[in-house]
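Right, one structure below, let's go through it.
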């Protein structure tokens with residue numbers, strides 16, 4: 008039963024919950040005064056959380072390499088595209 | 004302890020088809036994320052002001068509910084590999100509980116907005132907020148059904164290879180619901196606020 012709790016998944020859960028709280032704080036001006044920079048950091052943190060869920064909870068870590076590469080490509084690509092769109096305001 | 008399945012060097016959890024569906028759904032939502040920021044670029048002040056009227060604390064609570072439900076589902080899948088059917092059912096039941104709690108929070112949140120006259124016709128931000136979180140909510144309802152359904156493969160002390168694959172497939176769909184919310188929360192509730 009203890010294998011259910013004291014394992015990698017629980018550690019991952021703790022990290023992504025803390026990352027969530029950190030994002031919430033940043034969305035309230037804590038730590039990073041500039042809302043633009045805070046916004047980008049929040050996006051990056053969100054994508055890191057996505058990667059952790061994909062690779063650990065969803066076990067992509069043990070999946071064929073092509074799936075892992077597609078996932079990473081999409082995460083990075085989405086990060087770049089959304090960051091660019093977020094910054095290019097008023098165009 | 005008999006292992007239910009023997010693994011090759013790599014393993015795809017569940018049916019391959021669920022991963023194709025996942026990729027398609029993520030792609031569609033990626034487009035929706037871009038569209039949100041596109042609308043925002045046209046009127047960032049309106050978006051920032053409207054966003055400030057969202058309840059970020061309820062949003063964070065919902066995020067933690069989603070993350071916890073995913074942890075429970077992942078734990079359940081691992082228990083299924085150990086043929087611990089009771090643990091599987093408990094984990095999935097609690098995950099469903101988190102899903103129901105998520106829906107309750109959403110109900111409160113929507114209620115808060117509507118009671119002050121904010122709805123999907125108020126402005127572009129609220130149109131996107133209600134539409135995107137609404138589509139996600141449909142995924143939550145479907146996911147609860149899926150989890151309830153695949154739990155039936157963990158009835159006895161022997162989970163078949165087919166049953167395990169179905170449990171993994173259902174788990175993968177549920178994680179998709181979590182993934183979508185993680186980005187939605189950051190994008191709609193937090194990005195741009197100070």
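Chains as they are written, first to last, in this note's numbering: chain A, 8 to 98; chain B, 4 to 197. C-beta atoms are modelled at their ideal positions from N, C-alpha and C, and glycine is treated no differently.
Between residue 184 of chain B and chain A, is the shortest Cβ-Cβ distance under 8 Å, so that the two count as touching? On the second chain, position 181 is the one that residue 184 of chain B refers to. Interface residue (Cβ-Cβ distance to chain A less than 8 Å): residue 184 of chain B is not classified as such.
So, under 8 Å CB-CB, residue 189 of chain B and residue 47 of chain A are touching, yes? Tell me the CB distance rounded to an integer number of Å. For this step, residue 189 of chain B is matched to residue 186 along the second chain. For this step, residue 47 of chain A is matched to residue 40 along the first chain. Residue 47 of chain A and residue 189 of chain B do not touch by the CB rule: their CB atoms are close to 11 Å apart, not below 8 Å.
Give the C-beta separation of residue 172 of chain B and residue 17 of chain B to the nearest angstrom, bearing in mind that I take them to be a contact with Cβ-Cβ under 8 Å. Residue numbering aside, residue 172 of chain B sits at position 169 when the second chain is read from its first letter. Residue numbering aside, residue 17 of chain B sits at position 14 when the second chain is read from its first letter. About 3 Å separates the two Cβ atoms, so the contact holds.
By a C-beta neighbour count over all protein chains shown, 10 Å radius and 16 as the cutoff for buried, is residue 98 of chain A buried or exposed? Taking the first chain and counting its residues from 1, one reaches residue 98 of chain A at position 91. Because residue 98 of chain A sits at a pLDDT of 48, beneath the cut-off of 50, its placement in the model cannot be relied upon, and the point is left open.
Are the C-beta of residue 194 of chain B and some C-beta of chain A separated by less than 8 Å? The count along the second chain starts at 1 and reaches residue 194 of chain B at position 191. With 8 Å as the cut-off, residue 194 of chain B counts as an interface residue toward chain A.
Length of the line joining the Cα atoms of residue 67 of chain A and residue 122 of chain B: For the purposes of this step, residue 67 of chain A is taken as residue 60 along the first chain, with counting starting at 1. For the purposes of this step, residue 122 of chain B is taken as residue 119 along the second chain, with counting starting at 1. The straight-line gap separating the alpha-carbon atoms of residue 67 of chain A and residue 122 of chain B is approximately 39 Å.
For a minimum of 4 consecutive residues, which ranges assigned as the alpha helix (DSSP H) are wholly contained in the segment 8 to 86 of chain B? 19 to 45, 47 to 54, 59 to 84
Roughly how many angstroms separate the alpha carbons of residue 103 of chain B and residue 70 of chain B, rounded to a whole number? Along the second chain, read from residue 1 onward, the residue named residue 103 of chain B stands at position 100. Along the second chain, read from residue 1 onward, the residue named residue 70 of chain B stands at position 67. The straight-line gap from Cα to Cα measures roughly 14 Å.
Exposure of residue 156 of chain B, with buried meaning 16 or more beta-carbon neighbours within 10 Å: For this step, residue 156 of chain B is matched to residue 153 along the second chain. Looking at its Cβ environment, which holds 16 or more other Cβ atoms inside 10 Å, residue 156 of chain B is buried.
Rounded separation between residue 96 of chain A and residue 83 of chain A - CA only: Sequence index remark: in the first chain, residue 96 of chain A carries index 89 (1-based). Sequence index remark: in the first chain, residue 83 of chain A carries index 76 (1-based). Rounded to whole angstroms, residue 96 of chain A to residue 83 of chain A spans 21 Å at the Cα level.
Near-chain B residues of the segment 68 to 82 of chain A (beta-carbon distance less than 8 Å), N- to C-terminal order: 69, 70, 71, 72, 74, 77, 81
Answer yes or no: do residue 76 of chain B and residue 177 of chain B have a C-beta to C-beta separation smaller than 8 Å? Within the second chain, residue 76 of chain B is the residue found at index 73, counting from 1. Within the second chain, residue 177 of chain B is the residue found at index 174, counting from 1. Yes. Within cutoff.
For residue 99 of chain A versus residue 19 of chain A, is the C-beta spacing smaller than 8 Å? With chain A represented from 8 up to 98, any question about residue 99 of chain A goes unanswered, as that position is not in the structure.
State the DSSP-derived secondary structure class of residue 98 of chain A, mapped to helix, strand or coil. Taking the first chain and counting its residues from 1, the one referred to as residue 98 of chain A is at position 91. Interpretation of residue 98 of chain A is limited by its pLDDT of 48, a score under 50 that renders its predicted location unreliable; no figure is taken from the coordinates.
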